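Colleague: What follows is a structure written as structure tokens; I'll ask about it next.
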Amino acid sequence: MPPGPDDLVDEVMRSHPATIRAFLDFRMSCVGCPIACFHTVLDACVEHDVDCEEFLRALRKAALGQAGGRL
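Position one of the sequence shown corresponds to residue 17 (our numbering), numbered consecutively onward.
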């Protein structure tokens, strides 16, 4: 199942390791963050002032094995 806004950041990265690149491309410092196991994707987008829909598109592309991140 592709990542959604209510999924925990840590679970997304563990379930779909390719999504780590999307977090880095969007300059979100969630990789290795101790709060990642508590924050949802939506929480992280709000904290980092990232457009959630754009970020979710990148996460879903990465989870499906396609190139993620901003183009």
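C-beta: ideal position from N, C-alpha, C; glycine also. Computed from a predicted model, the values in this text were never measured in an experiment.
1. Determine the direct distance from the alpha carbon of Ala52 to that of Lys77, and round the result to whole angstroms.
2. Exposed or buried, what is Gly84 when buried is set at 16 or more other beta-carbons lying within 10 Å of its beta-carbon?
3. Do Thr56 and Pro21 come within 8 Å of each other at the CB atom, strictly closer than that value?
4. Which same chain residues, not among the five before or five after Ala79, have their C-beta less than 7 Å away from its C-beta?
5. Determine the DSSP secondary structure at Leu58, reduced to helix, strand or coil.
Modeller: Straight from the coordinates:
1. Cα to Cα, Lys77 sits roughly 21 Å from Ala52.
2. In this predicted model, Gly84 has a pLDDT of only 46, less than 50, meaning its place in the structure is not dependable; the value taken from the coordinates is given anyway. Buried, because 16 or more other Cβ atoms sit within 10 Å of the Cβ of Gly84.
3. The Cβ atoms of Pro21 and Thr56 lie closer than 8 Å to each other.
4. Answer for Ala79: Pro18, Pro19, His32, Ala34, Thr35, listed in chain order.
5. Leu58 falls in the helix class under three-state DSSP.
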